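So for the sequence shown, this note's numbering puts the first residue at 6; every next one is plus one.
Heads up, the beta-carbon is just placed ideally off N, CA and C, and yes, glycines get one too.
Just so it is clear, the structure is predicted and the values come from calculations on it, not from any experiment.
This report concerns only the one structure given below.
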Amino acid sequence: MSDKDNKDIENEQVEANQAENVAVEEQEVEELTVEEKLQAEVKQEKEKFLRLFAEFENYKKRTSRERIELFSTASEDVMKTLLPILDDFERALSHIEDDKEAEELRKGVLLIYQKLVNTLEQKGLKVVLVEKGEAFNADNHEAITQIPAPTDDMKGKIIDVVEKGYKLGEKVIRFPKVVIGQ
């Protein structure tokens, strides 16, 4: 063989080695990109899982809060229907106190009234306290009418309480109805 043929064979071997090296490098690059792709997919799935987990935690908190609120105000409709009965009891008691002959009747009605009030208080019903002379607040009171104030210092203040207000837990179920001075 001639030197030229040997050089050609050597050149072919070098080119073949270079081609193999390039192929190996490309394969490594492909492996890295496949690995990087898998890492990116894992990262994306982790983010998706974390979002889903946070959303589920928020759902649990919201439903437990709603459940607590529902239990505390579940009897609201029943309480609202019983409030006029309480008002009637109070009116009856105020009229019976004037009649001295009906003392036994007054004691019986008072006993039933107190039992009803105690039972409702155990279930969370509270009276909204309103004092005469207190400043009127539209957020806390319902004004029925305005009358001329007996004195100048009573202008814009509560003159009379017509109907008591009630709360069930922390929620006002009936605002006190008041007369204010103008």
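Every alpha helix (DSSP H) stretch that sits fully inside the region 46-131 and reaches 4 residues is listed by chain position as 81-101 and 108-127. Rounded to the nearest angstrom, the gap between the Cα atoms of aspartate 104 and leucine 116 is 17 Å. Taking a cut-off of 8 Å for Cβ pairs, the region 133-144 and the region 153-168 touch, as three or more such pairs fall below it. Between the alpha carbons of alanine 59 and threonine 68 lies a gap of roughly 14 Å. Lysine 160 and valine 133 have their C-alpha atoms roughly 22 Å apart. Each residue's CA atom was taken as its position, placing valine 184 and alanine 154 some 10 Å apart. By the 16-neighbour rule on beta-carbons within 10 angstroms, isoleucine 178 is buried. The region 90-100 makes contact with the region 110-125; the number of CB pairs closer than 8 Å reaches 3 or more. For leucine 173, the enclosing beta strand (DSSP E) starts and ends at 170-173. The secondary-structure analysis by DSSP pairs isoleucine 152 across a beta bridge with Gly186. Around the beta-carbon of leucine 98, fewer than 16 other beta-carbon atoms lie within 10 Å, marking it exposed.
In this structure histidine 146 is buried. Its beta-carbon is surrounded by 16 or more other beta-carbon atoms within 10 angstroms.
In the DSSP assignment, the residues bridged to isoleucine 163 are Ile185.
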